[in-house]
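In terms of the numbering used here, the first sequence opens at residue 1 and continues consecutively.
Beta carbons are placed, not taken as given, at the ideal position from N, Cα and C, and that holds for glycine.
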Amino acid sequence: MDLYAYRYNRKVTNEEIEKILRDIGEYLAMQEVPFKPRAYEKVADSVSELGEELTETYERGGSKALREIPGVGASIAEHIEELLKTGRLKYYEQLKKATPVDLSTLTNVESLGPKKIKILYEKLHVRNLVDLERVANAGKIAKLPGFGGKSEEKILKGIEFLKRSSGRFLIVHAMSEIRAIERYLRSVKEVEQLEVAGSVRRRKETVGDADILVISNHPKVIMDHFTAMPGVVNVAAHGETRSAVKMKSGLNVDIRVVPRESYGAALNYFTGSKEHNVEMRKIAIRKGLKLNEYGLFALKEIRGRKDEVKVAGENEEGIYETLGLHYIEPELREMTGEIEASVAGKLPHLIGYGDLLGDLQTQTTWTDGSSSITEMARAAMDAGLEYIAITDHTKRLAMTGGLDVPRLILQGKEIDAINLKFKTKNFRILKGTECDILKDGSLDLPDEALKTLDVVGVSVHSLFNLPEPEQTARIVKAISNPHVDILFHPTGRRIGKRGPYPVDIDAVIRAAKETGTVLEVNASDRLDLKDEHIRKCVHVGVKLAINSDAHAIHEFTDLEFGIAQARRGWAEKKDIINAWPVEKMLGFLKR
DNA sequence: GCCGTTTTCGGCCCGACTGTTTTCAGTCG
């Protein structure tokens with residue numbers, strides 16, 4: 001059991017509880033216990049979709065409130081209670097003792113599940129990723145019964161993928177922790193101004209650490225508060241104006257206190273990207289100026305003596321202006337043409353964080369979502385949206401209980417009824433689908449059913465390893481269907497878990513252009529399309545939809561990260577169809 | 001271990017694919 005929380009006098013988080021429940025499920029699956037694994041897995045999913053910390057749930061309503069969480073019964077409620085009260089769970093510790101392996105890491109290796117992990121542990125004493133890589137490289141896995149050369153190759157590939165993505169955090173996951181740190185620091189009265197710089201401010205899809213800049217006249221107080229924050233497990237540096245800590249989650253956080261007069265220069269410097277900064281300095285030099293993290297300086301000769309005079313630095317806008325540039329939004333500072341565009345006055349007017357009016361991909365309890373249509377609609381309204389499309393899965397995705405035509409029709413009737421209730425609220429629920437693309441590019445629902453819907457999304461959920469030409473042809477065929485409006489998560493990647501399937505994205509974008517199909521910017525942990533693809537779409541005029549892919553009411557907050565991704569792809573409001581009013585959006589879709 | 005217009009027991013989202021086999025176990029979505 002993970003005792004960090006208690007060692008550092010901190011409450012057990014949902015994330016920790018989720019991991020333990022998931023691990024228990026895997027342990028039970030290892031022992032081939034029937035049904036229980038699914039029960040634990042289900043609860044782990046529920047916990048991950050909760051909008052409230054379990055500590056709060058428990059304080060609010062005790063074990064009875066825990067029991068109200070879907071999938072939590074008497075026994076799991078007791079487990080959670082034990083975890084909340086003592087920070088440990090004896091049942092879990094026993095399982096762990098019997099098979100001491102780093103389950104959550106090993107199951108992250110593609111093609112490895114509990115059964116194979118068990119064999120690897122029993123035959124080759126594999127406990128963690130390092131062990132696994134060693135035996136795979138030694139060719140020992142191929143010789144195991146049930147394994148072979150290809151399994152070994154797959155495992156090595158999986159390890160490689162995990163290693164590449166380690167040490168960085170998905171911004172979608174890290175942001176809530178970063179925001180909590182921000183809130184904590186802002187509550188310190190000596191903090192005059194504060195901003196998180198670095199890749200977080202540029203909204204990169206993954207971030208390695210968080211760089212926080214603070215203006216304050218009392219740096220020492222700030223440093224002391226910072227290093228004593230809840231959740232800090234290691235203080236790497238504790239200086240006068242700079243400190244660095246590691247959080248329990250593994251996130252590194254740096255803080256710097258800077259004087260007001262150089263705040264803008266420091267913010268610019270610490271926001272990066274490095275390449276962008278280098279170019280800005282070159283521009284400064286060409287103008288006879290010098291730019292560093294303290295400011296923008298002119299070299300002036302005063303009475304025969306050369307001296308540096310600060311000409312800008314208190315804010316970023318002043319620095320860009322003095323350099324003869326239009327202000328460049330942080331999301332664009334990647335040295336991919338933003339400087340030239342800025343000089344030429346041709347920077348895009350980026351879509352704003354409050355610009356979305358709708359969400360065109362949501363799932364409900366009809367399939368694998370955990371909230372009802374009504375609940376999702378209410379949550380969308382609270383999130384400031386005017387419409388959502390309900391796009392539950394289709395029958396091929398059996399594990400989700402995907403809809404067939406009769407159930408789709410039933411769902412449509414329910415949507416009609418709910419829409420009547422919401423009529424006065426200027427909110428509309430659209431009928432939609434996330435229809436599976438089958439192997440040959442045909443669809444999991446017949447055209448007669450598709451044409452009754454407001455929004456038809458299609459996506460690939462199977463056969464990720466088709467050769468590129470086949471996969472591309474499959475997708476192109478699917479979006480050539482005259483009823484298909486949007487291609488959901490076009491490359492199939494899950495950041496940190498799985499790369500994109502082999503696909504010629506340029507060919508897909510061309511086909512989207514020809515067929516008038518919209519491509520999705522999926523805002524969940526897929527962030528798919530990615531920034532450079534978005535930019536290609538914007539360039540050729542393929543329209544985009546930024547969708548949450550929400551499976552629960554609080555997941556509409558993910559839309560922010562989809563917007564960030566679209567901004568990194570230079571997208572404007574005119575490029576994003578769900579930033580348009582519902583009638584205009586519907587009018588644009590294929591008829 | 002959970003759940004109940006099939007309610008206190010007896011069911012439990014399941015079909016497709018892969019790589020290993022030579023009829024199937026394990027993984028994935």
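How about ASN578 and LEU430: are their beta carbons less than 7 Å apart? Here residue 578 refers to the residue found at position 578 of the first sequence. Here residue 430 refers to the residue found at position 430 of the first sequence. The answer is no: Cβ separation not under 7 Å.
Identify which residue in PRO230, VAL245, GLY499 and ARG260 has its Cα closest to the Cα of LYS11. On the first sequence, residue 11 is found 11 positions in, with the first residue counted as 1. Nearest option by C-alpha distance: PRO230.
Starting from GLY149, follow the alpha helix (DSSP H) in both directions and report where the run begins and ends. One-based indexing of the first sequence puts residue 149 at position 149. Here the alpha helix (DSSP H) through GLY149 covers 149-165.
Using the Cα positions of TYR8 and TYR91, report the straight-line distance between them to the nearest angstrom. As a position in the first sequence, residue 8 is number 8, starting the count at 1. As a position in the first sequence, residue 91 is number 91, starting the count at 1. Because the pLDDT of TYR8 is 49, which lies under 50, any placement of that residue in the model is unreliable, and the number read from its coordinates should be weighed accordingly. Using only the alpha carbons, I get a separation of about 23 Å.
Buried versus exposed call for PRO70 [16 or more other C-beta atoms within 10 Å across all chains shown]: Position 70 of the first sequence holds residue 70. The residue is exposed, with fewer than 16 neighbouring Cβ atoms inside 10 Å.
Minimum length 3: unbroken beta strand (DSSP E) runs contained in the region 203-275: 209-215, 232-238, 242-247 and 252-258
Burial state of GLU434, where buried means 16 or more other Cβ atoms lie within 10 Å: Counting from 1 along the first sequence, the entry for residue 434 is found at position 434. Looking at its Cβ environment, which holds 16 or more other Cβ atoms inside 10 Å, GLU434 is buried.
Can you list, in chain order, the residues of its chain whose CB lies under 6 Å from that of MET254, leaving out five sequence neighbours each side? What you label residue 254 is simply residue 254 of the first sequence in a count that begins at 1. Just to set this straight, residue 254 is Asp in the shown sequence, not Met. ASP211 and ALA244.
State the start and end residues of the unbroken alpha helix (DSSP H) segment that holds ILE390. For this step, residue 390 is matched to residue 390 along the first sequence. Run containing ILE390: none in the alpha helix (DSSP H); it sits in the beta strand (DSSP E), 387-390.
Taking DSSP's pairing of strands, which residues face ARG494 in a bridge? Reading the first sequence from its first residue, position 494 is the one you call residue 494. The partner list for ARG494 (beta bridge, DSSP) reads ARG498.
Output the boundary residues of the alpha helix (DSSP H) element that contains ASP447. In the first sequence, residue 447 corresponds to position 447, counting from 1. Residues 447-450.
Quick check: LEU170 and GLY496, are their CB atoms within less than 7 Å of each other? The residue you call residue 170 lines up with position 170 of the first sequence. The residue you call residue 496 lines up with position 496 of the first sequence. Contact flag set, yes.
Report the option in ALA564, ALA552, SER524 and ASP506 whose CA atom is closest to the CA atom of VAL540. Within the first sequence, residue 540 is the residue found at index 540, counting from 1. If we check each option's Cα against that of VAL540, ASP506 comes out closest.
Would you tell me roughly how many angstroms separate the C-alpha atoms of HIS349 and SER176, rounded to the nearest one? In the first sequence, residue 349 corresponds to position 349, counting from 1. In the first sequence, residue 176 corresponds to position 176, counting from 1. Answer to the nearest angstrom: the Cα atoms are 27 Å apart.
Find out if the Cβ-Cβ distance for the pair ILE76, VAL43 is shorter than 7 Å. On the first sequence, position 76 is the one that residue 76 refers to. On the first sequence, position 43 is the one that residue 43 refers to. Contact: yes.
Would the region 473-490 and the region 457-464 be scored as touching if the rule is three or more Cβ pairs under 8 Å? yes
Would you kindly work out how many angstroms separate the C-alpha atoms of GLU293 and LYS590, rounded to a whole number? Walking along the first sequence from the start, residue 293 turns up at place 293. Walking along the first sequence from the start, residue 590 turns up at place 590. Rounded to the nearest angstrom, the two C-alpha atoms are 51 Å apart.
Tell me which same chain residues have a C-beta within less than 8 Å of the C-beta of ASN419, skipping the five on either side of it? Along the first sequence, one-based indexing puts residue 419 at 419. Hits under 8 Å: ARG428 and ILE429.
Opposing strand residues paired with LEU170 [DSSP bridges]: Residue 170 sits at position 170 when you count from the first residue of the first sequence. According to DSSP, LEU170 bridges with THR206.
Under the three-state DSSP convention, the category LEU83 falls into: By 1-based counting over the first sequence, the position of residue 83 is 83. If DSSP states are grouped into helix, strand and coil, LEU83 belongs with the helices.
Give the range of the beta strand (DSSP E) segment to which GLY71 is assigned. Numbered from its first residue, the first sequence carries residue 71 at position 71. That residue, GLY71, is in no beta strand (DSSP E); it is neither H nor E in DSSP.
Quick check: the Cα distance between GLY358 and SER216, rounded to an integer number of angstroms? Position 358 of the first sequence, counted from the start, is the residue given in the question as residue 358. Position 216 of the first sequence, counted from the start, is the residue given in the question as residue 216. Approximately 41 Å, taken between the alpha carbons.
In whole angstroms, what is the alpha-carbon distance linking LEU450 and ALA142? The residue labelled residue 450 in the question sits at position 450 within the first sequence. The residue labelled residue 142 in the question sits at position 142 within the first sequence. The alpha-carbon atoms of LEU450 and ALA142 are separated by roughly 46 Å.
Which stretch, first to last residue, makes up the beta strand (DSSP E) that contains THR362? Counted from its first residue, the first sequence places residue 362 at position 362. Unbroken beta strand (DSSP E) run through THR362: 358-362.
Whose C-alpha, out of ALA571, GLU560 and ILE576, is nearest the C-alpha of VAL172? One-based indexing of the first sequence puts residue 172 at position 172. Measuring from the Cα of VAL172, the nearest candidate turns out to be GLU560.
Out of ARG201, SER199, GLU182 and VAL200, which one is the CA nearest neighbour of GLN193? The count along the first sequence starts at 1 and reaches residue 193 at position 193. Of the listed residues, the one whose Cα sits closest to GLN193 is GLU182.
Please report how far the alpha carbon of GLU514 lies from the alpha carbon of LYS543, in whole angstroms. The residue given as residue 514 occupies position 514 in the first sequence. The residue given as residue 543 occupies position 543 in the first sequence. Cα to Cα, GLU514 sits roughly 12 Å from LYS543.
Identify the continuous beta strand (DSSP E) that holds ASP307 and give its terminal residues. Counted from its first residue, the first sequence places residue 307 at position 307. Its beta strand (DSSP E) spans residues 305-312.
Are the beta-carbon atoms of THR362 and MET376 separated by less than 7 Å? Locating residue 362 in the first sequence gives position 362, where the first residue counts as 1. Locating residue 376 in the first sequence gives position 376, where the first residue counts as 1. A contact, by the Cβ cut-off of 7 Å.
Under 6 Å from any heavy atom of the ligand GTP, does the C-beta of HIS539 make it? Among the components modelled here there is no ligand, and therefore nothing to report on the ligand GTP.
Using only the alpha-carbon positions, how far apart do GLU386 and GLY402 sit? Along the first sequence, read from residue 1 onward, the residue named residue 386 stands at position 386. Along the first sequence, read from residue 1 onward, the residue named residue 402 stands at position 402. Cα to Cα, the separation comes out at about 26 Å.
Cα-Cα separation between GLU195 and ARG396, rounded to whole angstroms: Here residue 195 refers to the residue found at position 195 when the first sequence is read from its first residue. Here residue 396 refers to the residue found at position 396 when the first sequence is read from its first residue. Looking at the two C-alpha atoms, the distance is approximately 47 Å.
Are LEU156 and ALA136 touching if we call contact CB-CB under 7 Å? In the first sequence, residue 156 corresponds to position 156, counting from 1. In the first sequence, residue 136 corresponds to position 136, counting from 1. In this structure, ALA136 lies closer than 7 Å to LEU156 by Cβ.
Would you mind stating whether LEU325 and ALA266 have Cβ atoms separated by less than 7 Å? Counting from one through the first sequence, the residue named residue 325 turns up at place 325. Counting from one through the first sequence, the residue named residue 266 turns up at place 266. No.
Tell whether a beta-carbon distance below 7 Å holds between ILE17 and VAL47. The count along the first sequence starts at 1 and reaches residue 17 at position 17. The count along the first sequence starts at 1 and reaches residue 47 at position 47. Result yes, Cβ atoms of ILE17 and VAL47 sit closer than 7 Å.
For GLY480, name the three-state secondary structure that DSSP assigns. For this step, residue 480 is matched to residue 480 along the first sequence. The sequence given here has Ser at residue 480, not Gly. It is coil, neither helix nor strand.
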